[in-house]
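**Q** Here it is, the structure in full.
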Amino acid sequence: MVIRESKRLNGSVPSPAQPEAALGGFITTGAARFLAVFRVVLGCEFLWAFVDKTFGLGYATPAERAWIYGGSPTKGFLSRAAVGPLEGTFHTIAGAAWPTGCS
Numbered sequence: 018m019v020i021r022e023s024k025r026l027n028g029s030v031p032s033p034a035q036p037e038a039a040l041g042g043f044i045t046t047g048a049a050r051f052l053a054v055f056r057v058v059l060g061c062e063f064l065w066a067f068v069d070k071t072f073g074l075g076y077a078t079p080a081e082r083a084w085i086y087g088g089s090p091t092k093g094f095l096s097r098a099a100v101g102p103l104e105g106t107f108h109t110i111a112g113a114a115w116p117t118g119c120s
């Protein structure tokens, strides 16, 4: 195992007694905790959207349009794309089980 010595921008070497000095103090402990909590909350948001689209829990997707009952999780979003260079592509793949081609 090779261990390299880290150097600061000014060329000095941090003392081994303070290994956190090698990190340069880019982020504080409070900021790291906030980012960790934010990451978990954001993950839960996406997980909730997936579960709602899959099972049609009635929050944003009614049960009759659920993925397990034959609905398409992307058809509503992609079919409403009205502007932009990928409009035709979005309309082509809206509701398709697998994108078969682009226009």
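Numbering (this note's numbering), first residue to last: 18 to 120. Beta carbons: idealized from backbone N, C-alpha and C, even for Gly.
Nearest by alpha-carbon distance to Lys70: which of Ile85, Leu52, Gly112 and Ala53 is it?
**A** Cα-wise, what sits closest to Lys70 is Ile85.
**Q** How many whole angstroms separate the CB atoms of Lys92 and Gly112, which I take to be in contact at a CB cut-off of 8 Å?
**A** Their Cβ separation, rounded to whole angstroms, is 4 Å, which keeps Lys92 and Gly112 in contact under 8 Å.
**Q** Name the two residues that bound the continuous alpha helix (DSSP H) containing Trp84.
**A** First-last for Trp84: undefined, no H or E at that position.
**Q** By alpha-carbon positions, which one of Glu104, Leu103 and Ile110 ends up nearest to Pro90?
**A** For the residues Glu104, Leu103 and Ile110, the minimum Cα distance to Pro90 belongs to Ile110.
**Q** Express the C-alpha separation of Ala98 and Arg50 in angstroms, rounding to a whole number.
**A** Those two C-alpha atoms are separated by around 38 Å.
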